[in-house]
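Written out below as structure tokens is the structure these notes cover.
Set out below in structure tokens:
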């Protein structure tokens, strides 16, 4: 019996909770399993055993593991993600400032990627088995077969260093510009909101190269899914009927076929997006992008527990949210979904 | 909830009531066409057909064979000792003497790339094998028995998947230490959920199918049915994913090397060679990163193409 | 070399860098001028300099727990100290601090009592903080109290100069400050010139202190309240730090540059690309390979300065049984391929530290070459003598943070050791773990190390790395004679007749026992545009932009 849609939604949300609990526990254990001693690191150069012990106490790391866990969970309940040892800021503040940078980059990369992958996928689906199909396959697979940091450095070398056409890879905004007043955290959007075209354009230019690097990587899953989904739909009965009824190829393709192929494409998009968010640490390093990925790597290397936990939790929540949204999109688009197995 | 390996074109389930959504079922049912195993002659004929109509797949097979040969024979046929340094010859451009040039310690890049084939393929195969075996077992059991086993494993799998893949892999390697084994384990853990989910869906769909009930009636035990009747039908789509995952496993190792958590020097491994070689791009010594990078790309490419080919071979409805 | 900005902005970057544009008078966010949304140029003219760093600044307060080394530059540039070091010109014409000359900073003069146990400082009468309020002895006392009280590295560093507790610091009047010492130490004055004892505006700090936070660590973590040549205008953690010149600076000649932008760019390749294309003025601390190549190319100025009192060494840890035997350590010293390492890891930049002819030092020069060179025969012979004719296996560790020199060095050493039967599998250890394993637990059987002492005295180096209790003694080395000698020389003036022979004896023991085998003395190189002059090298290895000038 199909339940009502709200029940389905609430059910999905409820299901996500044990997952989040699991994430909280695993995040804690993982960071505690890291062999480094942050106290030694942060006691700094020329620290003695006493000063390291001092730092350890002040960081609360001298308490037993269960005790630390309880403190950690209690803090979480009040929305306190702790303080990052390395930046000295509350982790929440760090995440709030670094996350939009990654989000902006990832979203923009996805948009670019979609712009290329969708047409390629549709094209390949309409001419399966031909050399066009093969070519599309080769192009997208090539994009995903190279390590992302390699493509990044290569692009910097060719387009910035040799040709000089790309803007300097020194971060989100050239130093000549001040960051726009914070509304969303997306520099392009915020600058436009503030009515500052020059800054928006500058932020946009800085986005190009890193977004292209990331986008190359996401071409494959999107194109392949588009192709597969389109093929599936195109071979179905109702399309054949539409063609037999004399509807133009174009109308069939875009009005009927593509719309029906959307569902799996959206699912893929969601998964690709959350994967990218965590994986763009490599791109951030190359382009000096102050995003959440590089934040996590720096924190991991110095065993900055709170920061790593905060990062992991944020990512997990985002991931769960995105999947939830996709579920909802599915439920909304496809009335057949809502089936309890 | 589900996450793909790098490339997937399966219609992937979203979290449903039972963890199985209609899309899930759709996909599984579509593949159920293999209830009766095709004969060997049919398979070979089909294979020939696929190869003829898909030159890329043929090329992929050939490349794969070449890689296997390189992995097996590689270390024996290298022109130079991949580990021996020769400071006087450092950073030489590709030439007749050194086809891929030399690195910062004067070692022959071609020899190192060749030798690395064995290690990289080993990492990829073992990581994927582990995640496949354990993932299938866990997934099949949950899909067959359902109940609390299913719920618990489902949540555990979801938890693993909720972690940003790369950070999870990083964290595991950082926690367990910097060694080849740990890279393999980290990659395996990170890939496991995918196989578990797939096995679960496939088994769940066929759990009450006709042929299963027949087997049960004739007195076969559950595990036997699972192993001999149900699971083989789930194999084909999983084969496809295996080949795609192989490529991803190599890229994962490369990424870990870039941030310093890779294989220990002086062992050559494609990823670490690209990571270290990347530093030399701007100063003009392009060969240090390009050749290992190109070979790495070729390997991942081959696996991806193989995956496509396998899919075509296995599922007529989904072929190009 | 500088590219013009696209015409969508109504001024070019070149213009911005040169500045001096009339009418753009304000500092801070937009004030309804044509440059409102961009960093305004300074009213008084002077130029802007952009410097790329590979490290990240994580606090504006050096005394805070968890502040990393790169953050020390804020203490250097936004604050003054009682005294500072002088400047000398290096053979290549570049500037460097002079460790032998102590100069006035906030203290215009000082005097020692007869017994050397009391130092009286007379503060400048015209010294003011950046907000215009005068610098008084109260501020000095508060700041020094803070340095010795907050713990961690700062307190340890203060101890080196026998500055240990607040009772030693006395305010006589607004401009007179007294420090009392338990005994005379040559290190006290130099220790007052290191970044640690910086002088804070105590009124501002106390206004922002709380009962829980009496030293205003929260406030000073994110704000500066100093009298230095520069003021921190903007700090965006993880991205950049922007200094503006403090026109009230009284401790020296006003800097020519009016703004310095420190941009954080983690990838060295990206930094190199940026400086070569002229989009930044300086890439600070470039790797030796880049230094060599950029110098050869000729488009940029590359300045390399040997880092004083520092060595890259191989540490043989006595927790590993064979290393307890001096002969084994000497064997290792003979097995190292010094020339090859110097060429590949250092690109021949630095000072070679091998190949001396005598087992006894002729001078107290430190560092100086050790009497070892690559001689595999000798190494093998020593191993056999020590009872290890077949060699052994020893794990060899390097730090992930320093992999650029440690990896090639380790690989070459490994190869050579294999020739005398010693297997040394290499393991890379990341960041936080390295410090713990190598220095706190001292459990790494064999490792590479890079200690550099801030105060330029051999006894200082030995104090930090050759005593049983020394933090940097990764070898677990212990020698009572060294302990005595260090104790006797650490605070002794260098012109005391007892000093020189004791130092020579220290070095002689180091030659013979080699718990630490030196490879070379490193250099610090920076690449900058030819328009930029006035680069000065400091022992703290932070950028000091005070003397920078742009053509």
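Residue numbers (the numbering used here), protein chains in the order written: chain A, 798 to 1138; chain B, 4 to 323; chain C, 12 to 562.
Heads up, the beta-carbon is just placed ideally off N, CA and C, and yes, glycines get one too.
Counting the other Cβ atoms within 10 Å of the Cβ of residue 52 of chain B gives fewer than 16, which makes it exposed. A residue is called buried when at least 16 other Cβ atoms come within 10 angstroms of its Cβ; residue 803 of chain A does not meet this threshold and is exposed.
In this structure, the CA atom of residue 943 of chain A is about 12 Å from the CA atom of residue 1079 of chain A. Residue contact check for residue 884 of chain A against chain C: a CB pair falls below 7 Å. Within chain A, no residue has its CB atom less than 8 Å from the CB of residue 121 of chain B, the nearest being about 20 Å off. Around residue 531 of chain C, the same chain offers 323, 353, 357, 361, 362, 363, 364 as residues with beta carbons nearer than 7 Å, after the five sequence neighbours per side are excluded.
Of all residues in the stretch 249-262 of chain C, those with a C-beta nearer than 7 Å to a C-beta of chain A are 249, 250, 251, reading in chain order.
About 6 Å separates the Cβ atoms of residue 1039 of chain A and residue 1053 of chain A, confirming a contact at the 8 Å cut-off. Chain order gives the chain A residues near residue 311 of chain B as 934, 938, 1021, where near means a beta carbon separation below 9 Å.
Around residue 982 of chain A, no beta-carbon contact reaches into chain C at under 8 Å, the shortest distance being about 13 Å. Here residue 254 of chain C carries a strand assignment [DSSP, helix/strand/coil].
Residue 87 of chain C counts as buried, since no fewer than 16 other beta carbons sit within 10 angstroms of its beta carbon. At least 7 Å separates the CB of residue 255 of chain B from every CB of chain C.
A Cβ of chain C is located within less than 7 Å of the beta carbon of residue 263 of chain B. By alpha-carbon distance to residue 848 of chain A, the top candidate from C:462, C:528, C:451, C:64 is C:451. Taken through DSSP and simplified to helix, strand or coil, residue 101 of chain C comes out as coil. Annotated as proximal: residue 1016 of chain A and residue 940 of chain A, with beta-carbon spacing under 7 Å.
In this structure, residue 275 of chain B sits near residue 266 of chain B, with a CB-CB distance shorter than 7 Å.
By alpha-carbon distance to residue 462 of chain C, the top candidate from C:479, C:469, C:475 is C:475. In this chain, the beta strand (DSSP E) harbouring residue 189 of chain C covers 187-191.
Judged by DSSP in its simplified three-state form, residue 132 of chain C adopts strand. Annotation: residue 100 of chain C to residue 406 of chain C spans about 44 Å, alpha carbon to alpha carbon.
At the C-beta level, residue 70 of chain C and residue 885 of chain A come within 7 Å of one another. Interface criterion not met: the Cβ of residue 359 of chain C is under 7 Å from no Cβ in chain B. Residue 958 of chain A has a beta carbon lying within less than 7 Å of a beta carbon in chain C. Less than 7 Å separates the beta-carbon of residue 514 of chain C from that of residue 469 of chain C.
Exclusion of the five residues before and after residue 271 of chain C leaves 60, 254, 556 as the residues of its chain whose Cβ lies within less than 6 Å of its Cβ.
Less than 7 Å separates the beta-carbon of residue 295 of chain C from that of residue 62 of chain C. If you draw a 10 Å sphere on the C-beta of residue 155 of chain B, you find fewer than 16 other C-beta atoms in it, and that means exposed.
Counting C-beta pairs with one atom in each stretch, the stretch 178-196 of chain C and the stretch 127-134 of chain C have three or more that are closer than 8 Å, which means they touch.
When 7 Å is used as the limit between beta carbons, residue 303 of chain B is near these residues of chain A: 942, in chain order. Every beta strand (DSSP E) stretch that sits fully inside the stretch 429-458 of chain C and reaches 3 residues is listed by chain position as 437-440. The beta strand (DSSP E) runs lying completely inside the stretch 57-94 of chain B and spanning 3 residues or more number zero. Neighbours of residue 931 of chain A across chain B, judged by C-beta separation under 8 Å: 57, 58, 59. Against chain A, the CB of residue 153 of chain B has no partner CB under 7 Å away; the residue lies outside that interface. Contact note: residue 280 of chain C reaches chain B through 281, 282, 283, 284, 285, 286, using a C-beta cutoff of 9 Å and chain order.
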